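S.K.:
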Amino acid sequence: MIGDRWGVTNDEVIRHYPCDDVVSAPVLQAWRGVTVHATPDDIWPWVSQIRLAPYSYDLIDNLGRRSPQELRDLADPAPGQCFTIACGRPSGRILTVDPTTQLTGQIGGATMSYVLAPSGEATRLLLKVVVTCDRWLAPLLSVGDLIMARRQLLNLKRLAEHPTRKPRTWGDDR
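Per the numbering used here, residue 7 is the first one in the sequence shown, and the count goes up by one each step.
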């Protein structure tokens, strides 16, 4: 499939992801990954903050509103909660959570797992997306997801590696 892999190894592609337990026969599977020079404990707050904003291209996904560049004081996510806010609206729901290890959610026909895998002195931030859709649409979704997910993972990497601000309370937009 065009655009189904970015930044992942063969071992990361064949590993089991929590989204595999949700969708047994996906039309599309896509894997993305980036090395973050931080611990899972340092990356997790950023991954769990996806509940507030998409962290990809804000002009497209967030109606031009910038995704928070500082940590908010949020409790760990829980199954059933809103997965993210896209285009100013709550979107999707969280399916499973294992703090500092994985976050799996669903938006429309897409189910995705963010996995934090320690790797030496760094951490691999992995994302697997599985989709149930019409077969003819899968290549377009794969390429579109590649563009948006790549930006998201690189933004989360940058924020986790270079924290600049202390946590703020959710809703504090000073």
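Just so it is clear, CB atoms sit at the ideal spot from N, CA and C, and this is done for glycine as well. Given the structure is predicted, the values throughout are model-derived calculations rather than measurements.
(1) The alpha helix (DSSP H) with Ile49 in it runs from where to where?
(2) Considering only C-alpha positions, which residue in the set Pro32, Asp27 and Arg38 is nearest to Asn16?
(3) With DSSP run on the structure shown, which of helix, strand or coil describes Leu77?
(4) Are three or more beta carbon pairs between the stretch 49–57 and the stretch 150–167 nearer than 8 Å?
(5) Suppose only complete runs of 4+ residues qualify. What are the alpha helix (DSSP H) ranges in the stretch 8–41, listed by chain order?
(6) From the DSSP output, in three-state form, read off Arg130 for me.
(7) Helix, strand or coil: which one does DSSP assign to Asp104?
(8) Can you tell me which of the three DSSP states Asp179 falls into?
(9) Could you give the residue range of the beta strand (DSSP E) that holds Ser119?
(10) Comparing C-alpha positions only, which one of Arg21, Glu18, Pro74 and His22 sits nearest to Arg164?
(11) What residues match up with Ser97 in a beta bridge as DSSP calls it?
(12) Is Leu152 helix, strand or coil when you go by DSSP?
M.R.: Put simply:
(1) Residues Pro46 to Ser54.
(2) The shortest C-alpha separation from Asn16 is found at Arg38.
(3) DSSP places Leu77 in coil when its eight states are reduced to three.
(4) As far as the Cβ criterion goes, the stretch 49–57 touches the stretch 150–167, which means the pair count is three or higher.
(5) List check, alpha helix (DSSP H) in window: 16–20 and 25–28.
(6) Reduced to three states, the DSSP call for Arg130 is strand.
(7) The answer is strand: DSSP assigns Asp104 an E or B state.
(8) Confidence at Asp179 is low in this model, with a pLDDT of 46, below 50, so the placement of that residue should be treated as unreliable; the coordinate-derived value is given next. Per DSSP, reduced to three states, the secondary structure at Asp179 is coil, with no helix or strand assignment.
(9) Annotation: the continuous beta strand (DSSP E) that includes Ser119 extends over Ala116 to Ser125.
(10) That would be Pro74, whose Cα lies nearest to the Cα of Arg164.
(11) Thr90.
(12) Shown here, Leu152 sits in a helix according to DSSP, grouped into three states.
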